[in-house]
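Chemist: Mapping to my numbering: the sequence shown position 1012 is 1025, numbers consecutive. Every residue, glycine too, gets a C-beta built ideally from N, C-alpha and C.
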Amino acid sequence: MYFSKKRLFYLTWLLGLSLGHCQAIAQNPRVQIPFVLNDKSLRLTEWASQPMLVNPVALSFDNQGRLFVVETARRGTVDIDIRSHKDWVIDDLSNTNISQLREMFRSKMSPNLSEKNKTWLKDRNQDGSHDWRDLTMVKERIHLLEDTNNDGKADISKVFAEGFNQEINGVMAGVLAYGNDIFATIYPDVWKLNDINGDGIADKQEVLFHGFGVHAAFDGHDLHGLTVGPDGKLYFSVGDNGFSVRTHEGNLLHHPNTGGVLRCNWDGSNLEVFATGLRNVQELAFDEFGNLFSVDNDGDIREERERFVYITEGSDSGWRLNWQFKKGGWPIRTKTPEYCPWIDEKLWLPHWPKQAAYITPPISEFSVGPGGFKYNPGAALNDRYKRTFFLCEFPVQKVTAFKTQPEGAYFKMVDEHIFLFGMMASAINFGPDGSLYIANWDGKWQPNELGSIWRVDNPSIRKSEPRKKVTNLLRSNFKNHSNLFLVSLLSHQDQRIRLEAQFELAKRDRFEDMLKTVTDASLPKLARIHAMWGIGQLKQNKQRDEVLTKKLPLVDLDNEIRAQAAKLAGTRELKTSIPQLINMLHDKNARVQFHAAMALGKMGNPDAAPHLISLLDRNNNKDAYIRHAAIMGLTGCALPEQLTNQYQHKSPAVRAAIVATLRRLRHPAIKAFLADPSEWVLKEAISAVHDDRSIPEALPDIADLLTNNKNKSEAVTRRLLSANLRVGQKKNAVRLVNYAIDNSNSSAMRAEALLCLRDWNRRPFVDRVEGQVRELSKRNNESTKLLVEKNLNKLFETANGALLAELIRLCEKLQITLGAGQLLVIAKSDTQDLAARIQAIQSIKKQDPKPILNSLITLAKDNKPSIQVAAINKIAEIEPQNIANILNELWTTLSTQAQQAFIYSIGKNSSSEGDKILNTAFSSLLNGNLSKSLELDVLVAAEKSKNPNLKKQLKKYEANQSANDSVSPYSSTLFGGDTEKGKHVYENHVAAQCVRCHNAGGKDNQVGPNLTGIGKRTDKNYLLRSLVDPSVDIADGFNVNVIELTNGKSIIGRLKDQTKKIITLISPEGKPQEIAATKIKKITAANTSVMPPMGAILTKHEIRDLIAYLKIL
């Protein structure tokens, strides 16, 4: 999907919406659901629509009221998404810069592979070749719209800029008009555009930065969020496709596996990373006090949700791109365990007591598919929505509004409610006129050459004198205003005007004017804060800083003034203020403590370290952001010995924070904490050494811990095993073997030890804990083979079940010959677990065919269907041309699964006997005598066959299928499915992602209908229709009803009950509402599901298995 890319099962109705009565309504012409505004004083009007713009992604007004709209054509056409190329995933994860990504694209889409790629890569340049050059044929565009006659409708539309169509370009997803510049973002570049001659078309285009988006990864995870910061800098966000960017000063900012926020000066100088660990924050918003917020998209992983995040300097929100490929079907591709620290170690959740200390957790779980995000600048809309954030939730067709309140050093969300319902809003922004403008994607998932811009405002306020003054001020040239007037504007109600005044005073170097404002306690709080921010923009000046230190309001009566003063002290590095800042660590207000600790980190004075440690002790891990500030403070000022001396500190909270500090420093002194008695602190230390860029000097030390490891923590044990694999010395291999032999260890971790030995010399190597691609040291595979062979008897003596299966696979990988007799003993053992028996069959080699074949035929008669299937597959491998002759006599004794495997084998390995069997089976199918569980298998075998008679019968079958029935081609999927495989599809299919929206008895977020008991409530035909044509049967309660009343108003909701006199509707906020039938003019059900047809996503075999699984729920 656009933004967080959820491909499936988003319905038009979300449970638990919080919309009030439908007061202001405008009609959505495509889906016939009204756009509904919550506030009855506001009105929604269309400001522009296609063909003036199409496919809008981002919006930005300049101060003259001109709207710049980013439009995409590349999304869904040439923007590569790894989910459509799952076999590229390891190559893609290996990329660390743009050059490598370009090389991968040109390799995977080489002209030499045109025939292979033509099924998905359109020949857009019509040169007869389906290759990477075709990606360059689709352009992105920025449109310039303007309402020149002020009638509430745009009347001018121009293409301001067009192009941005290299093969490595993603989707243009950000735009910001500021001053005379237009900034735009599209992987891999940040652009600066200028209209020199004033004709509304960019005639100067400059790349400010290059190197964003080093992975293809998921589309929609773009470069975006262009925002004006309160410090006078340009801020922007990057998705988890990562970046490796060289600054203008020559520094390399290298974060290839995570998203974050960066900032720079307007000329591109001093680019720096502000925050990391974010997945895909589409847009950024500062409140009036300079606090930065966003809503991060989730990882499309079961049990996880999107998150409302407070983004502070130096924060790490914990997400890594590689987490994406540790769940949900990806581990099969990466050959790593389905263990994901993000989920299994609960990094994604709001703060909880033993959560990792190195991250800054989210404020709350919140939203579905967050996109456009803006904060009311102050003079917009009405008083109800002052100090309010607005968020577009694209897939569920709503715009949400909410406010924040301080809670300790960070915040909590309050007054959250639906502001607008019914619109697929992709972007949002405020105009200089005080109206809120919303981009409507207009109904479809992919670009559809539609789109519109809608304006929300209060008609009675919109043309008022205060609004006109704001508009005129924004349009004015602030260079022409007097110093006195600019100072007065620092207290203006509108944030945009305050910032412009601040920036102009800073440009004029009006230190004295701003300092006077700062120190005058009688002035409005915001004026004093903006004056402090303005001083922070000035160049360093020792004499001025001495004056500032004496006058800075560090002991002001106002909490926020003290906090901002501490922040300014840090920005200016006022070292003579250190004693006061240390005192402020004891302030009654947590925000003051936070900014004091952050400021001390910028001073670099080790004397502050003990006081920051005391702050950690007092905090006792209660406030994650106090912890973060103290860690940042210690990172900037503490000496290594000051940190390591705390290894025996009585407080685990202090020790965990010290470890997190050493992690930031990547300092080997972290070794002092590798014997910590607290499992929490020990895990923190081991994670610091092992994860991300690691601390290489300490990696052998954590590997050594495996020998006496009695820790029951899976997080710890997995990293100890992995460390031994990565260090890669002979003693490490010995340690892994001994761990696998020791049956006092868990079977799962013993199996993991064997898997580490399997990966001993793997290239490219995918980290078994984190999923990132790493370089392994050179090691000798032969010595590992000899070691395993030496201990083979002990390993077999203590192994069973899944562990034994892994041991067999390891032997196969290391080319350790296991005799067919030994394997057959395991395969035939009724007491052995199925996993081991199946693996034993799969590992048999074609050595002495006759005795092996006889044993396999015997196994094909086993009472376990999975053993029968394994045996048949092995026979097909050993005797592909004779399998039909060998097994034909066993047909009636085979289970359904085995018969399906047999049909597949004879279809794949053509033979005269096999063709006879298939022709007979197809005749039975046409006559209605074939078991329905085999229909799909026979059809697929016939499709692959070259036998003319089979082809003739297949055409006859297809001719009998209804051309107008979308379900009929899938009728063969109704029977014969495998419930276990179906469960895997349900829980792990990369594209379908059923569990993202449907509950089946677990605790997941509920978006689509709860599927618990669906198999008892419905038949298979219903399930099939729901999958391949989801709009035919929308589940009760999940279709939207529009109730038109006799008084001209409309109400929307879910129809709960209906009698002759009363209709009971469930409102979007979940409350029942009774409506008299006499007051109803018309009821319209919007019977359209946003869930895409599964026939385009799942194979017929997967649909068959999924139906079988749903039937047992």
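Measuring CB to CB, does R88 end up less than 8 Å from P566?
Modeler: Taking C-beta atoms as the reference points, R88 and P566 fail to come closer than 8 Å.
Chemist: So, with DSSP's three-state summary, where would you put Y352?
Modeler: coil
Chemist: Could you check which residue in N178, T1077, I1093 and G1028 has the C-alpha nearest to that of L1119?
Modeler: G1028
Chemist: When DSSP labels each residue in this structure, what does A186 get in the three-state scheme?
Modeler: Reduced to three states, the DSSP call for A186 is coil.
Chemist: Contact between the stretch 765 to 777 and the stretch 741 to 752 is defined here as three or more beta-carbon pairs at a separation below 8 Å; is this criterion met?
Modeler: Output reads yes: the stretch 741 to 752 touches the stretch 765 to 777.
Chemist: Starting from the C-beta of L931, find all residues in its chain whose C-beta is less than 8 Å away, skip the five residues before and the five after it, and write them out in chain order.
Modeler: I916, I919, G920, V951, A954, A955, S958, N960 and L963
Chemist: Check whether the stretch 518 to 535 and the stretch 492 to 503 touch, using three or more Cβ-Cβ pairs below 8 Å as the test.
Modeler: yes
Chemist: For K53, name the three-state secondary structure that DSSP assigns.
Modeler: coil
Chemist: Per DSSP, N453 forms a beta bridge with which residues?
Modeler: A438 and S465
Chemist: Ordered along the chain, which non-local residues of its own chain (more than five positions away) have a Cβ less than 7 Å from that of N41?
Modeler: Bear in mind that the predicted position of N41 carries a pLDDT of just 42, short of 50, making it unreliable; the figure below should be weighed with that in mind. So the list reads P47, F48, G435 and M436, once near-sequence residues are dropped.
Chemist: Starting from E559, trace the alpha helix (DSSP H) in both directions and tell me its first and last residue.
Modeler: K555 to K564
Chemist: Cβ of A11 within 8 Å of Cβ of V779?
Modeler: Outside the displayed span of the chain (14 to 1126) sits residue 11, for which this structure offers no information.
Chemist: Label D212 either buried or exposed according to how many other C-beta atoms from any shown protein chain fall within 10 Å of its C-beta, with 16 as the threshold for buried.
Modeler: exposed
Chemist: So, at 7 Å on beta carbons, what are the nonlocal neighbours of K1 in its own chain, with the 5 sequence-adjacent residues on each side left out?
Modeler: The requested residue 1 is not part of the displayed model; the chain covers only 14 to 1126.
Chemist: Using 8 Å as the threshold, is the stretch 1106 to 1120 in touch with the stretch 1088 to 1097, meaning 3 or more CB pairs across them?
Modeler: No, the stretch 1106 to 1120 does not touch the stretch 1088 to 1097.
Chemist: Check this for me: beta carbons of A612 and L598, under 8 Å apart or not?
Modeler: no
Chemist: In three-state terms, what does DSSP make of K1113?
Modeler: helix
Chemist: Sort L866, N898 and Q894 by Cα distance to A883 and report the nearest one.
Modeler: L866
Chemist: Is it buried or exposed, I451, if we count other Cβ atoms within 10 angstroms and call 16 or more buried?
Modeler: buried
Chemist: Throw me the rounded Cβ distance for the L629 and A576 pair, which I believe falls under 8 Å.
Modeler: Contact flag wrong, Cβ pair sits at about 19 Å.
Chemist: Quick one: using the 10 Å Cβ neighbour count with 16 as the cut-off for buried, is E4 buried or exposed?
Modeler: Here the chain covers residues 14 to 1126 and nothing more, so residue 4 does not appear.
Chemist: By a C-beta neighbour count over all protein chains shown, 10 Å radius and 16 as the cutoff for buried, is T940 buried or exposed?
Modeler: Reading off the sequence, residue 940 comes out as Asn, not Thr. When all chains shown are included, N940 counts as exposed.
Chemist: Using CA atoms only, rank isn't needed, just tell me which of I542, T584, N922 and E654 is closest to K552.
Modeler: T584
Chemist: State buried or exposed for E358, treating a residue as buried only when at least 16 other CB atoms are found within 10 Å of its CB.
Modeler: The residue is buried, with at least 16 neighbouring Cβ atoms inside 10 Å.
Chemist: Evaluate Q659 with the Cβ neighbour count: other Cβ atoms within 10 Å of its Cβ, from every protein chain shown; 16 or more gives buried, anything less gives exposed.
Modeler: By the neighbour-count criterion, in which 16 or more other beta carbons inside 10 Å mark a residue as buried, Q659 falls on the buried side.
Chemist: Does the Cβ-Cβ distance between L536 and I510 come in under 8 Å?
Modeler: no
Chemist: Out of G312, G192, V274 and H261, state which residue places its alpha-carbon closest to the alpha-carbon of A230.
Modeler: G312
Chemist: Could you check if E319 is buried or exposed, using at least 16 other CB atoms within 10 Å of its CB as the buried criterion?
Modeler: buried
Chemist: Using a Cβ-Cβ cut-off of 7 Å (strictly less than) and excluding sequence neighbours within five positions of I209, which residues of its own chain qualify?
Modeler: D216 and K217
Chemist: Looking only at its own chain, which residues have a Cβ that is under 6 Å from the Cβ of T1077, when we skip the five neighbours before and after it?
Modeler: K1069, D1070, P1085 and E1087
Chemist: Would you mind sorting L1126 into buried or exposed? The rule is 16 or more other CB atoms within 10 Å of its CB.
Modeler: Using a 10 angstroms sphere on the CB of L1126, the tally of other CB atoms reaches 16 or more, which defines it as buried.
Chemist: Quick one: using the 10 Å Cβ neighbour count with 16 as the cut-off for buried, is G1032 buried or exposed?
Modeler: Correcting the residue identity first, residue 1032 is Asp in this sequence and not Gly. Exposed is the call here.
Chemist: Does DSSP classify L1024 as helix, strand or coil?
Modeler: coil
Chemist: Note the first and the last residue of the continuous beta strand (DSSP E) segment covering T589.
Modeler: Element bounds for T589: n/a, residue is neither H nor E.
Chemist: T797 lies in the alpha helix (DSSP H); which residues open and close that run?
Modeler: N794 to K803
Chemist: Terminal residues of the continuous beta strand (DSSP E) containing L1130?
Modeler: Summary: the structure shown does not reach residue 1130, with the chain confined to residues 14 through 1126, and so no result is reported for it.
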